[in-house]
Every structure is written in structure tokens, then in C-alpha cells.
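Numbering (UniProt numbering), first residue to last: 1 to 411. Backbone N, C-alpha and C define an ideal beta-carbon position, used for all residues, glycine too. Remarks on the structure that follows.
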Amino acid sequence: MLLGQLNAAASPLSQDQVQKLQGLVAELNPIQQAWVSGYLAANANSAALGAPTAGVPAAGDAAALTILYGSQTGNAKGVASKMKEQAESRGLAVKLVSMSDYKPTALKKEKFLTIVVSTYGEGEPPEDAETLYEFLATKKAPKLDDVKIAVIGLGDSSYEFFCQTAKDFEERLNKLGAQTIYQRADLDVDYEEEAATWIAGAIDAFEPDLKAQQEAAGGQVVSMPFGAPTSAASQYTKQNPFEAELLTVQKITGRDSTKDVRHVEISLEGSDITYTPGDSLGVYFLNDDVLVDEVLTLTQIDATSIVKVGDEELSVRDALIEKLELTQSYPGFVEKYATATGTPELLKLVEDKTAMRAYIEPRQIYDVIRQNPAKLDAQTLVDCLRKLQARFYSIASSQSEVEDEVHLTLA
Numbered sequence: 001m002l003l004g005q006l007n008a009a010a011s012p013l014s015q016d017q018v019q020k021l022q023g024l025v026a027e028l029n030p031i032q033q034a035w036v037s038g039y040l041a042a043n044a045n046s047a048a049l050g051a052p053t054a055g056v057p058a059a060g061d062a063a064a065l066t067i068l069y070g071s072q073t074g075n076a077k078g079v080a081s082k083m084k085e086q087a088e089s090r091g092l093a094v095k096l097v098s099m100s101d102y103k104p105t106a107l108k109k110e111k112f113l114t115i116v117v118s119t120y121g122e123g124e125p126p127e128d129a130e131t132l133y134e135f136l137a138t139k140k141a142p143k144l145d146d147v148k149i150a151v152i153g154l155g156d157s158s159y160e161f162f163c164q165t166a167k168d169f170e171e172r173l174n175k176l177g178a179q180t181i182y183q184r185a186d187l188d189v190d191y192e193e194e195a196a197t198w199i200a201g202a203i204d205a206f207e208p209d210l211k212a213q214q215e216a217a218g219g220q221v222v223s224m225p226f227g228a229p230t231s232a233a234s235q236y237t238k239q240n241p242f243e244a245e246l247l248t249v250q251k252i253t254g255r256d257s258t259k260d261v262r263h264v265e266i267s268l269e270g271s272d273i274t275y276t277p278g279d280s281l282g283v284y285f286l287n288d289d290v291l292v293d294e295v296l297t298l299t300q301i302d303a304t305s306i307v308k309v310g311d312e313e314l315s316v317r318d319a320l321i322e323k324l325e326l327t328q329s330y331p332g333f334v335e336k337y338a339t340a341t342g343t344p345e346l347l348k349l350v351e352d353k354t355a356m357r358a359y360i361e362p363r364q365i366y367d368v369i370r371q372n373p374a375k376l377d378a379q380t381l382v383d384c385l386r387k388l389q390a391r392f393y394s395i396a397s398s399q400s401e402v403e404d405e406v407h408l409t410l411a
């Protein structure tokens with residue numbers, strides 16, 4: 001049925017709802033309409049399956065570790081999920097809940113709480129954490145004198161308010177009486193190894209009291225996931241990305257437009273990757289080999305020198321092309337490079353955070369090296385750099401419409 005043929009008598013919508021729907025659709029292009037269609041279908045499917053929408057912890061289940069996550073691109077959710085798996089492997093009861101599904105007033109029922117949250121922009125919480133974040137600063141927030149907490153934050157040190165949301169969560173919870181049982185971790189974009197170490201330590205801190213309460217309550221391990229059932233996972237992950245084929249790149253702005261907006265289509269055939277409207281797609285890229293060769297020349301490093309990146313050994317040239325960040329600069333790189341090269345101008349910046357941020361804002365890593373060339377050992381250069389990170393883009397397609405493809409709109 002065409003939208004123009006809808007009326008209150010022939011559909012479950014009221015006349016007012018039909019008019020609003022018609023007005024919205026008139027403003028959308030075909031790609032946006034497909035996105036909305038997929039979103040509504042997924043939402044209806046979740047409701048039909050009985051997926052909980054108000055993820056409130058079970059009453060009286062104080063002998064469980066509640067892990068709340070606030071995630072924009074999925075990284076914080078991934079850390080939270082790993083913590084859940086490891087805690088359950090030790091026989092602990094765990095509740096894993098998105099902050100968007102959590103009723104803030106349920107905090108008063110908690111005894112053991114972990115916060116896993118990212119920070120975006122100028123110290124802002126992700127969208128799914130906003131309600132809980134704001135609630136903790138109101139007079140309605142309950143006293144939490146009997147709650148033990150651990151907080152881990154994910155962020156990007158190239159921004160001034162690094163991991164600010166995690167810091168705010170811990171501060172607000174402490175003001176309400178909660179006791180920090182394990183030291184907060186503020187992790188940068190290459191967070192995986194440090195996150196694993198923190199998870200193990202946090203579980204160690206919670207375990208004695210948790211097990212004592214579980215034994216007193218009968219000793220049964222409870223797994224309490226919140227959200228819709230998930231399908232079988234693809235073998236491709238952040239650590240093992242899928243090598244996709246680029247199908248189409250089409251400019252969708254007019255010839256005289258000052259904006260350059262592109263419609264991009266990517267094949268996912270053979271990957272078993274699934275997505276829903278509203279998800280983001282992480283894309284890894286290779287650094288330009290010409291730029292890499294210039295960096296090696298500036299640092300007087302033999303391109304065939306063998307270096308170690310994590311557990312992998314490879315040539316320094318391959319490492320710079322495939323594994324390491326050479327674009328967006330950040331304070332940690334400048335500090336390490338200044339120490340390695342002994343450059344006086346850079347060493348001064350290390351002591352002045354304001355000057356440091358003013359310096360890195362217009363410069364990429366390559367620019368810093370080009371303006372401050374110095375002879376380095378290959379491994380020393382590698383140790384100054386962080387691992388290459390995926391760039392995330394909002395998905396502009398519905399998989400029910402495009403099947404084994406994913407579409408992006410890039411400006």
C-alpha cells in the first residue's frame with residue numbers, strides 16, 4: 001500500500017499519525033526511507049520476541065555483579081561483555097545491562113557495580129548513557145552507602161577532556177556514598193591489553209564479597225543478559241576484520257554544490273556480518289606508502305628493519321603501512337617522540353598542556369616528524385606510535401533491503 005492511500009479506517013494509525021508519517025516521509029530521500037523502514041521492522045521484531053525494554057535488575061538479586069555500559073561505537077560494550085564472560089567463568093553471577101535499558105532508581109538495589117563508559121566530543125557521554133549520567137546529578141539520586149563500584153573509561157587522548165565521562169560517573173557515585181573498590185582506568189584508543197588487565201584486577205577485587213553473598217544465598221550462578229536474542233556471530237571481529245570489496249562510490253551532491261557528499265556501497269558477501277539500522281561500520285585503512293617512505297627517510301631508518309608490534313614481528317615499513325597510526329596526532333605521541341629525540345621545543349610542550357593541544361591541533365603525526373627530524377632506532381619509532389584504529393561511519397542502509405551489502409553516506 002502506498003502511504004498516500006493510508007487512512008485512519010484502513011490502518012491501525014490514527015488520522016493524525018498518518019498525517020505526521022506522511023510529513024516525515026516527504027522529507028526523506030530513498031536511503032533515509034530504507035533506514036527508517038529497517039529500524040521500525042527491527043523494533044517491531046524485538047517487541048514480538050518479548051525482548052525487555054526496561055532492563056531493570058531482578059529484585060533481591062544483590063549477590064550479583066551488575067555491569068552497566070554506555071557505548072557509542074560498541075567498544076565499551078565489548079569491554080563489558082568480556083568482563084561478564086570472565087566473571088561468570090569464575091562462578092560469579094553477572095547482570096550485563098546497557099545504560100539505555102537501565103532504570104536509574106534501581107541503583108538503590110545494587111551492591112556490586114561496574115561502570116564501563118566511553119567519552120565523546122568535549123567530555124560528553126554517549127547517547128545511551130545520558131539519562132543515567134544526568135540522573136546521578138539530581139536530588140532524586142539515592143544514597144549508595146552499601147554499593148561497591150569499579151569504573152573504566154574509554155576515550156581518545158587527542159581530546160582535552162579525556163575519559164571525562166568515566167571520571168564524572170565515579171565522582172557522582174562516590175558523592176552518593178558508593179565505595180570505589182578498584183582503581184579507575186582511563187584508556188586510550190589502543191585499549192585492549194590494558195582493558196584485559198583491568199578486568200582481571202577488578203574481578204579479583206569483587207570476588208571475595210560476591211562469592212560470600214552468593215554462598216549465603218544458595219550459591220547459584222545466574223546469567224542475566226538484557227536485550228534481544230542475537231544470531232550466530234560472524235568470525236570477523238575488530239581483531240580479525242573482513243576484507244571487503246568496494247562496489248560503488250558515487251557523488252550525490254550537485255555540480256555547483258560547495259559540499260562533496262558521497263554514497264558508498266560495500267560488499268559483505270561471505271562474511272556473515274549482520275547489522276541493524278543505527279549501527280556504525282568500522283573501517284580500517286592502510287597508510288600511504290609514499291608517506292611511510294618519507295617518515296623512514298626523516299628518521300634515517302632502514303625499511304627492512306624487523307620490529308615487533310604486539311606479538312607480531314614484521315618489517316618496519318610494513319608495520320607503518322598496516323599496523324600503526326600516522327595521521328591524527330595526540331599528546332602521548334609528542335611526549336614519546338620528544339623523549340626519544342631529545343628535541344628541546346617538543347620537551348617544553350610536555351610541561352604545558354595548553355601549548356601542547358594548540359601545537360597538535362593543526363598537525364598530523366607526519367607533520368611533527370617532518371618538522372622535527374631525527375635519527376631513530378626502528379623499534380623506538382614503533383614504540384612511539386599507537387596501533388591503527390578503525391574509523392567509524394553511521395550505516396545508511398537496511399540489511400533487509402540491500403542484503404549482503406552495507407551503504408554509507410560520507411561528507
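Would you report the Cα separation of residue i and residue j, rounded to the nearest angstrom?
{"i": "Glu245", "j": "Ala137", "result": "47 Å"}
{"i": "Pro229", "j": "Val309", "result": "Since pLDDT at Pro229 reaches only 40, below the 50 mark, its modelled position is unreliable, and the value read off the structure follows with that caveat. Their Cα atoms are separated by approximately 37 Å."}
{"i": "Glu194", "j": "Gly153", "result": "11 Å"}
{"i": "Ala8", "j": "Asp16", "result": "At Ala8, the pLDDT of 45 sits below 50, so the modelled position is not reliable and the matter cannot be decided from this model."}
{"i": "Thr276", "j": "Pro373", "result": "46 Å"}
{"i": "Pro331", "j": "Gln364", "result": "11 Å"}
{"i": "Pro126", "j": "Gly78", "result": "15 Å"}
{"i": "Gly254", "j": "Ala411", "result": "13 Å"}
{"i": "Ile369", "j": "Asp377", "result": "14 Å"}
{"i": "Lys109", "j": "Ile301", "result": "59 Å"}
{"i": "Glu313", "j": "Arg172", "result": "44 Å"}
{"i": "Arg90", "j": "Ile203", "result": "9 Å"}
{"i": "Ser398", "j": "Thr327", "result": "32 Å"}
{"i": "Ile395", "j": "Thr197", "result": "32 Å"}
{"i": "Thr343", "j": "Asp188", "result": "25 Å"}
{"i": "Lys238", "j": "Tyr182", "result": "27 Å"}
{"i": "Ala64", "j": "Leu92", "result": "7 Å"}
{"i": "Thr73", "j": "Glu405", "result": "20 Å"}
{"i": "Lys323", "j": "Asp383", "result": "12 Å"}
{"i": "Arg391", "j": "Gln213", "result": "43 Å"}
{"i": "Thr144", "j": "Leu107", "result": "In the sequence as displayed, the identity of residue 144 is Leu instead of Thr. Their Cα atoms are separated by approximately 8 Å."}
Less than 9 Å separating the beta-carbons of residue i and residue j?
{"i": "Ile149", "j": "Glu170", "result": "yes"}
{"i": "Ile360", "j": "Ser100", "result": "no"}
{"i": "Arg184", "j": "Lys167", "result": "yes"}
{"i": "Lys111", "j": "Asp146", "result": "yes"}
{"i": "Val117", "j": "Val151", "result": "yes"}
{"i": "Asp186", "j": "Phe162", "result": "yes"}
{"i": "Asp272", "j": "Tyr236", "result": "yes"}
{"i": "Glu335", "j": "Gln389", "result": "no"}
{"i": "His407", "j": "Glu269", "result": "no"}
{"i": "Leu381", "j": "Thr299", "result": "yes"}
{"i": "Gly123", "j": "Glu160", "result": "yes"}
{"i": "Thr180", "j": "Lys140", "result": "no"}
{"i": "Leu346", "j": "Ala358", "result": "no"}
{"i": "Leu113", "j": "Thr165", "result": "no"}
Would you mind sorting residue i into buried or exposed? The rule is 16 or more other CB atoms within 10 Å of its CB.
{"i": "Pro57", "result": "Only weak support is given to the placement of Pro57: the predicted model assigns it a pLDDT of 38, under 50, and the question is left unresolved by the model."}
{"i": "Tyr102", "result": "buried"}
{"i": "residue 427", "result": "With the chain represented from 1 up to 411, any question about residue 427 goes unanswered, as that position is not in the structure."}
{"i": "Gln19", "result": "exposed"}
{"i": "Asn287", "result": "buried"}
{"i": "Val216", "result": "For clarity, residue 216 is Ala in the given sequence; the question names Val instead. Exposed is the call here."}
{"i": "Thr304", "result": "exposed"}
{"i": "Tyr284", "result": "exposed"}
{"i": "Ser329", "result": "buried"}
{"i": "Ile306", "result": "exposed"}
{"i": "Gly155", "result": "buried"}
{"i": "Asn240", "result": "exposed"}
{"i": "Arg317", "result": "buried"}
{"i": "Val295", "result": "buried"}
{"i": "Gly121", "result": "exposed"}
{"i": "Gly177", "result": "exposed"}
{"i": "residue 414", "result": "With the chain represented from 1 up to 411, any question about residue 414 goes unanswered, as that position is not in the structure."}
{"i": "Thr119", "result": "buried"}
{"i": "Thr297", "result": "exposed"}
{"i": "Ala80", "result": "buried"}
With respect to 8 Å, is the separation between the Cβ of residue i and the closest non-hydrogen atom of the ligand SAH below this value?
{"i": "Asp209", "result": "The ligand SAH is absent from the structure shown, which contains no ligands of any kind."}
Taking DSSP's pairing of strands, which residues face residue i in a bridge?
{"i": "Gly70", "result": "Val117"}
{"i": "Ile266", "result": "Leu246 and Val406"}
{"i": "Phe112", "result": "Leu65 and Lys148"}
{"i": "Ile306", "result": "Ser315"}
{"i": "Leu154", "result": "Ser118 and Leu187"}
{"i": "Leu281", "result": "Tyr393"}
{"i": "Tyr182", "result": "Ala150"}
{"i": "Glu124", "result": "Tyr120"}
Are there three or more Cβ pairs, one per stretch, closer than 8 Å when the segment 349-356 is compared with the segment 279-294? no
Mind the definition here: the segment 277-288 touches the segment 247-265 only if three or more C-beta pairs lie below 8 Å; say whether that holds. no
Could you tell me whether the segment 82-89 touches the segment 121-132, where touching means 3 or more Cβ pairs closer than 8 Å? no
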